[in-house]
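Asks: Right, I'll just put the structure down here and ask away after.
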Amino acid sequence: MAGIRIETDELARHAEALRAAGSAVGEAGRERGAAPSGADFGAWGAAAAEPYDRLVGALRQRIFGTAHAVADAGDELAAVLARHEADDEDHAAELGREGEA
């Protein structure tokens with residue numbers, strides 16, 4: 002489209018930032034330690050430990066899902082940029098051949 006300029010370097014930095022953010026979110030999920038034992042809940046004991054474990058498991062799944070989604074967005078953006086750059090090179094080559102004719 003005429004008049005639209007795509008700053009591929011800027012988009013490439015954003016793609017890398019998305020990948021790094023996905024990695025950081027995933028690492029945050031891995032850093033969560035083991036769930037407390039029943040004794041850690043005091044009077045609530047084991048009755049609180051099981052629901053807590055389920056909650057922590059659900060939160061970890063969401064954290065890892067978010068990490069993958071963000072990293073995948075970075076990968077997809079990088080793939081779009083690669084296709085865009087390849088198209089630019091193809092068009093430049095075609096223009097060069099047309100100029101020689």
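Per the working numbering, the sequence shown starts with residue 2, numbered consecutively.
C-beta atoms are modelled at their ideal positions from N, C-alpha and C, and glycine is treated no differently.
Model, not experiment: these values are computed from the prediction.
1. Find out if the Cβ-Cβ distance for the pair Ala25, Ala79 is shorter than 8 Å.
2. Mind checking whether Ile5 and His85 have CB atoms under 8 Å apart?
3. In this structure, does DSSP put Pro52 in helix, strand or coil?
4. For a quick check, are the C-beta atoms of Ala72 and Arg20 less than 8 Å apart?
Replies: In brief:
1. Here residue 25 is taken as the residue at index 24 of the sequence shown, counted from 1. Here residue 79 is taken as the residue at index 78 of the sequence shown, counted from 1. No.
2. In the sequence shown, counting from the first residue as 1, residue 5 sits at position 4. In the sequence shown, counting from the first residue as 1, residue 85 sits at position 84. For Ile5 and His85, no; Cβs fall outside 8 Å.
3. Working through the sequence shown from its first residue, we reach residue 52 at position 51. In this structure, Pro52 counts as helix in the three-state DSSP scheme.
4. Here residue 72 refers to the residue found at position 71 of the sequence shown. Here residue 20 refers to the residue found at position 19 of the sequence shown. Closer than 8 Å, so yes.
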